[in-house]
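Sequence order for the protein chains is A and B. Basically the working numbering = 1-based index in the first sequence + 71. Basically the working numbering = 1-based index in the second sequence + 5. Note sheet for the following structure.
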Amino acid sequence: MDDNTPTSADGEANGTTRRRALMLGAVGAASVVSIRPALAQAAGSVLMCDIPVPDAGRARGYISKDGEVVAAGTAGSFAPPTRPLKGEEVRRALASGSNLPGYDYERSRAYLQYVQRLQRGTAGFTCFASVQMLRK
Amino acid sequence: MSATRYRAPPADALLIRELDGLVALYHRPSGATHLLASPAPELLDLLAEGTMTRDELLARLVDRYEVADAAGDLLDARLSELIAVGLVSAT
């Protein structure tokens with residue numbers, strides 16, 4: 072592995088070494104999506120990736136029903152989810168029109184609108200793009 | 006019967022870049038590109054240090070990371086994915 076991989080155990084704080092948390096994940100999920108040459112098609116099922124809502128730079132913002140990040144407390148907007156959305160949750164909700172786990176219809180639609188507005192370079196974009204690839 | 010041992014490709018067979026919380030990996034021998042989510046990059050990282058059995062890999066993983074769900078069947082599932090796409094070989 073080269074220096075660009077985020078694979079080393081992290082961090083020292085106050086003189087103590089803190090090990091990075093890791094999840095092996097569910098048996099039915101997957102941690103690999105493959106793009107084969109001359110066949111721009113994903114093989115695999117579900118990518119265990121995260122989509123923060125909103126991204127860290129706007130972490131205090133709320134999400135409007137249109138998926139825009141607005142000031143906290145704005146009327147008609149929703150507080151962000153307490154944890155990043157999972158690629159699989161987004162894939163399933165978009166594919167079936169169902170709600171995100173733990174959220175009602177309105178809130179789910181707002182969060183999904185946010186995800187669908189993600190631009191290249193925004194945290195979670197690659198995860199969403201991968202999810203989109205798997206839907207086709 | 007000896008336990009199955011797992012091996013990662015040599016470092017020069019891979020081109021690796023971090024990409025928005027994921028790891029994009031180009032496997033030169035196959036020409037395939039893979040997007041890896043945790044814990045796949047970490048598993049490849051450990052296996053790059055040498056071949057090991059599932060139990061050895063699990064022990065190394067727990068030693069290096071705070072693994073909330075350290076179970077053999079889950080590690081088997083992750084290894085199976087990596088084997089299926091040719092990033093890990095089992096002997």
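Using N, Cα and C, we set each Cβ at its ideal position, and we do this for glycine too.
- Secondary structure of E54 (chain B) (DSSP, three-state): coil.
- For S85 (chain B), the secondary structure class from DSSP, reduced to helix, strand or coil, is helix.
- Around the beta carbon of R89 (chain A), a 10 Å sphere encloses fewer than 16 other beta carbons of the protein chains shown; the residue is thus reported as exposed.
- Restricting attention to A:R180, A:D175, A:T193 and A:E159, the CA atom closest to the CA of G96 (chain A) is found in A:E159.
- In summary, the residues of the region 61-82 of chain B whose CB is separated from some CB of chain A by less than 8 Å are L66, R69, Y70, E71, V72, A73, D74, A75, A76, D78, L79, L80 and A82, in the order they occur in the chain.
- Neighbours of L93 (chain A) in chain B, taken as residues at a C-beta separation under 8 Å, are given in chain order as S43, P44, E47, L66, Y70, E71, V72 and A73.
- Of the residues A:A143, A:V98, A:L93 and A:V104, the one whose Cα lies closest to the Cα of T197 (chain A) is A:V104.
- Note on R33 (chain B): under 16 other CB atoms within 10 angstroms of its CB, so exposed under the neighbour-count rule.
- DSSP, reduced to helix, strand and coil, places D17 (chain B) within a helical segment of the structure shown.
- Each of B:A89, B:D68 and B:S85 was checked against the Cα of A92 (chain A), and the nearest Cα belongs to B:D68.
- Residues of chain A with a Cβ closer than 7 Å to the Cβ of L24 (chain B) are, in chain order, T197.
- Burial check for D25 (chain B): the Cβ neighbour count within 10 Å reaches 16 or more, so the residue is buried.
- Residue-level contact by beta carbon holds for V103 (chain A) and chain B, with a gap shorter than 7 Å.
- For V90 (chain B), at least one C-beta of chain A is nearer than 7 Å to its own C-beta.
- The C-beta of A95 (chain B) comes no closer than 7 Å to any C-beta of chain A.
- Around the C-beta of I88 (chain B), fewer than 16 other C-beta atoms lie within 10 Å, and the residue is accordingly described as exposed.
- Listed along chain B are R69, Y70 and E71, each with a C-beta nearer than 8 Å to that of R90 (chain A).
- DSSP places S7 (chain B) in the coil class of the three-state scheme, outside both helix and strand.
- A29 (chain B): member of the beta strand (DSSP E) spanning L27 to H32, first to last residue.
- Distance from the CA atom of A82 (chain B) to the CA atom of L48 (chain B), rounded to whole angstroms, is 12 Å.
- Three or more beta-carbon pairs drawn from the region 176-190 of chain A and the region 133-148 of chain A are found closer than 8 Å, and the two stretches are therefore classed as touching.
- Taken through DSSP and simplified to helix, strand or coil, V72 (chain B) comes out as strand.
- Using a Cβ-Cβ cut-off of 9 Å, G96 (chain A) is close to A42, S43, P44, D74, L79, A82 and R83 of chain B, given in chain order.
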